[in-house]
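**Q** Sharing a structure here in structure tokens format.
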Amino acid sequence: MKPVDIQQKLNQYRYHFIVTLLISSIVAFLSYAAPSMLAVLAYFWPLFASTAVLVVVIMAFGGVSQLSTEAHGRKTGEGLLEYVSAARPEHMDEEPRGFE
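Counting along the sequence shown from 1, when you hit position 18 you're at 1149 in this note's numbering, and nothing is skipped either side.
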């Protein structure tokens, strides 16, 4: 391949090289300016701990409530589904009365 052909290929992809160089420079600057991961963990550890406790509590109560509904012979949410799918109340079947 001749040097002229190489120069033409490089010119063809010059915008790709510029964008790659620009993105690499931005990532390098942000990695230099950003705080370390340990600093972020030290700052947010109370939030992480409380979220973990909340998830454990939700899992514990979810398991207990599931066992209690199965003991009563109903699946979870079955009563709510029956209520929602039930026929409309009698007063809703009537046509609305006008103000006369």
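C-beta: ideal position from N, C-alpha, C; glycine also.
These figures come from a predicted structure and were not determined experimentally.
1) Helix, strand or coil, according to DSSP, for residue 1159 in the structure here?
2) Could you check the C-alpha separation between residue 1177 and residue 1189 for me, to the nearest Å?
3) Go to residue 1214, then tell me how far its alpha helix (DSSP H) extends in each direction, as first and last residue.
**A** Once the coordinates are examined:
1) helix
2) 18 Å
3) 1209-1216
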